[in-house]
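Peer 1: For this note's numbering, count along the sequence shown from 1 and bump the result up by 897.
We treat Cβ as the ideally placed atom computed from N, Cα and C, and that holds for glycine.
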Amino acid sequence: MAGTRKNRSFFLTRSGLVLLLLKSARHYASPNYTKKKLNPVHFSRQVHMEKSQRSAGRFLRGRLSTAVITVLALLTFALAANAQVPTGFIVMFQPGTAEAARADSAQRAGAVMRFNYSIVDAIAVTALDANAFAILQQDRSVIAIIPDWPIYGDGAQLPSIGPAATGSTQTIPAGVKRVGVPRRGSNGNGIGVAIVDTGINFTHRDLAPANRWFSAFGTSCEDDNGHGTHVTGIVAALDNSVDVVGVAPSAKPYCVKVLNSTFTGSDSNLIAGLDWIFRNHAIVSPRIRAVNMSLGRNGTLNDDPALRAAVRKLYNLGIVMLVAAGNDPSLEVSQRVPAGYPEVLAIAATTAVDGQNSCLLASPIRADTATYFTTDGRYNPNKRIGITISAPGDEEEDIDILCSMVSALGILSTRAGGGTERRSGTSMATPHVTGIVARLMQSGMSGVENIRGFIRSSADRIGIAPLDSPTTGYSFDGEREGIARAP
Ligand SMILES: [Ca+2]
Ligand SMILES: [Ca+2]
898 MAGTRKNRSF FLTRSGLVLL LLKSARHYAS PNYTKKKLNP VHFSRQVHME
948 KSQRSAGRFL RGRLSTAVIT VLALLTFALA ANAQVPTGFI VMFQPGTAEA
998 ARADSAQRAG AVMRFNYSIV DAIAVTALDA NAFAILQQDR SVIAIIPDWP
1048 IYGDGAQLPS IGPAATGSTQ TIPAGVKRVG VPRRGSNGNG IGVAIVDTGI
1098 NFTHRDLAPA NRWFSAFGTS CEDDNGHGTH VTGIVAALDN SVDVVGVAPS
1148 AKPYCVKVLN STFTGSDSNL IAGLDWIFRN HAIVSPRIRA VNMSLGRNGT
1198 LNDDPALRAA VRKLYNLGIV MLVAAGNDPS LEVSQRVPAG YPEVLAIAAT
1248 TAVDGQNSCL LASPIRADTA TYFTTDGRYN PNKRIGITIS APGDEEEDID
1298 ILCSMVSALG ILSTRAGGGT ERRSGTSMAT PHVTGIVARL MQSGMSGVEN
1348 IRGFIRSSAD RIGIAPLDSP TTGYSFDGER EGIARAP
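(1) Determine, using beta-carbon pairs with one atom in the segment 1092 to 1111 and one in the segment 1122 to 1133, whether at least three such pairs fall under 8 Å.
(2) So, using beta-carbon positions, are R999 and I1020 closer together than 7 Å?
(3) Within a Cβ cutoff of 7 Å, which residues of the same chain sit near R1209, ignoring the five residues on either side of it in sequence?
(4) Under the DSSP definition of a beta bridge, which residues are partnered with D1357?
(5) When we look at the beta-carbon of I1348 and count the other beta-carbons within 10 Å, is it buried (16 or more) or exposed?
(6) Who are D1295's beta bridge partners in DSSP?
(7) Use the C-beta contact count for E1318: other C-beta atoms within 10 angstroms, 16 or more gives buried, fewer gives exposed.
(8) Does any heavy atom of ligand 1 sit closer than 6 Å to the C-beta of V1139?
(9) State the Cα-Cα distance for the pair T1369 and G1315, rounded to the nearest angstrom.
(10) Is the segment 1234 to 1249 close to the segment 1205 to 1221, with three or more CB pairs under 8 Å?
(11) Rounded to the nearest angstrom, what separates F1099 and P1106 at their Cα positions?
(12) What residue ranges within the segment 1231 to 1287 form continuous beta strand (DSSP E) runs of no fewer than 3 residues, ordered along the chain?
(13) In this structure, what does DSSP give as the bridge partners for A1041?
(14) Could you spell out the range, first to last residue, of the alpha helix (DSSP H) harbouring P1150?
(15) Going by C-alpha distance, which of A995, A1029 and V1076 is nearest D1018?
(16) Given M1338, which residues of its chain have a CB within under 6 Å of its CB, disregarding the five upstream and five downstream residues?
(17) I'd like to know if the segment 1185 to 1204 and the segment 1321 to 1333 are in contact, where contact means that at least 3 CB-CB pairs between them fall below 8 Å.
(18) Per the contact definition of three or more C-beta pairs closer than 8 Å, is the segment 1023 to 1032 in contact with the segment 1146 to 1153?
(19) For F1373, report the span of its beta strand (DSSP E) as first-last.
(20) My output table needs one value for T1129: the three-state DSSP class, helix, strand or coil.
(21) Can you tell me whether A1027 is buried or exposed, with buried defined as 16 or more other CB within 10 angstroms of its CB?
(22) For a test of the three-state rule: what should DSSP assign to T1197, helix, strand or coil?
(23) By DSSP, does R1184 sit in helix, in strand, or in coil?
(24) Below 8 Å on the Cβ atoms is my contact criterion, and I expect C1118 with K1074 to pass it. Report the Cβ-Cβ distance as a whole number of Å.
(25) Can you grab the Cα-Cα spacing for the pair T984 / Y1014, in whole Å?
(26) Taking DSSP as the reference, what is the three-state secondary structure of I1330?
(27) Going by beta-carbon coordinates alone, are T1247 and D1265 separated by less than 7 Å?
(28) Reducing DSSP to helix, strand and coil, say where G1096 ends up.
(29) Less than 7 Å between the beta carbons of M989 and A1207, yes or no?
(30) Report back the beta-carbon spacing between I1043 and F1114 to the nearest angstrom; my notes put them in contact at under 8 Å.
(31) What separation, rounded to the nearest whole angstrom, lies between the Cα atoms of S1138 and V1022?
(32) Give the single residue among A1179, A1134 and G1050 whose Cα lies nearest to the Cα of N1157.
(33) Given a cut-off of 7 Å, decide if I1282 and S1231 are closer than it, judged by their beta-carbon atoms.
(34) With DSSP as the reference, label F1351 as helix, strand or coil.
(35) Taking 7 Å as the cut-off, decide whether the C-beta atoms of A1134 and G1123 are in contact.
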């Protein structure tokens, strides 16, 4: 854990009257916004940095010391969503054990096999009874039996879904403007990008996914949740006269479905998706050279050696994998899987434009501020673990008239079923950078570490952004890595 973080404190209520006002104010929340309370501790830090607002900030510190209760409720929700129960097992075999021999081992144990992988010497099985477990444990070709942990999409806790847009003009979303609007010659043309997610809405008028795809559920790759369609639009919504435009509108999205309609998958599903990319990346046209993973779970570097081996295999092929850092500011990215892996580019989230401010006593939340939800953690160049770069994960964050609440306006992108909608999350930050990677590859750049290095050295506002968030969960990770910038 970074030494500069995790010094957060909890404050007891100072004023019951103010607390009452804050609670009633929550009922006026617009469903298109997600909410988070302000934190007096971090307000004081911001005030320290921006001297002109110091006196107002002092007053706020007194008024805002009541924010803890709602935040605890939000955290409880996040923990419930991350409660981990293995859904089966991944069985790793001695290197070189043939796929047929692995299947035989599963059959001898009476285990039901779900996947038999090429990318790693392993199979996935459903839940094992004690007898089957014992037989596999005694099998001399088996080297590990790993719990198959559930994995979730990294949308915000409260997705902000609005009505479908029906307009006939194309909007350039604020996040795309922030990282760099595509142009002729820098639009991702010729680059295949795998979207490992809930699927893609294949009939959406503003998307053109490849007709080669994979689903870990044995279904079509159609998006029955909406998350994957939104992510795809941020990378590659078409440059035409409708809906939105992506960072790399000419890149070719490949649908890899590993999360179901409830936003849930597992390590074994994710490995199955990576396995399909491993077997197909070079034989599809255009080739798959980047992978967007706006998903993950809490975990450690070594808690699933099969998943780690699969990720390493794609890394060694020069495939750039971009992973959402996560939406829990109480965690370090090193506590996330696969975002904490050194083989991937972990992406944190910032605001795209200045927020509005109904509170006369506080400064507005500026563009390039760390979002209220982002997981972060400074990049360690020796271990290659940490946030590679930040990018927009919501459009703006506003402060309400009571100076007590932050509302987040989501990123505008394509909606499953047609039109557009807004969603917030590091899930939305990541595809901005995936689009940038496609444009860098189009310009001739290759090699994962070359691309990581270029993204970090060419970022906008290095040393300045992300700006400190005034919200409760945020604590500075010690590095202002800047905002990703397209070439
Ligand atoms: Ca469009
Ligand atoms: Ca940082």
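Peer 2: Once the coordinates are examined:
(1) yes
(2) yes
(3) E1240
(4) I1380
(5) Buried: at least 16 other Cβ atoms inside 10 Å.
(6) In DSSP, D1295 forms a bridge with S1304.
(7) buried
(8) yes
(9) 36 Å
(10) yes
(11) 7 Å
(12) 1242 to 1248
(13) M989
(14) Note, P1150: premise wrong, no alpha helix (DSSP H); beta strand (DSSP E) at K1149 to K1154.
(15) A995
(16) I1088 and R1186
(17) yes
(18) no
(19) From DSSP, F1373 is part of no beta strand (DSSP E); its letter is neither H nor E.
(20) helix
(21) exposed
(22) coil
(23) coil
(24) Going by Cβ atoms, the distance from C1118 to K1074 rounds to 30 Å, so no, they are not a contact pair.
(25) 18 Å
(26) The sequence given here places Val at residue 1330; Ile does not occur at that position. Looking at V1330 - three-state DSSP - the assignment turns out to be helix.
(27) yes
(28) coil
(29) The answer is no: Cβ separation not under 7 Å.
(30) With a Cβ gap of about 21 Å, I1043 and F1114 do not count as contacting.
(31) 47 Å
(32) Answer by Cα proximity: G1050.
(33) yes
(34) helix
(35) No, these two residues do not count as a Cβ contact at 7 Å.
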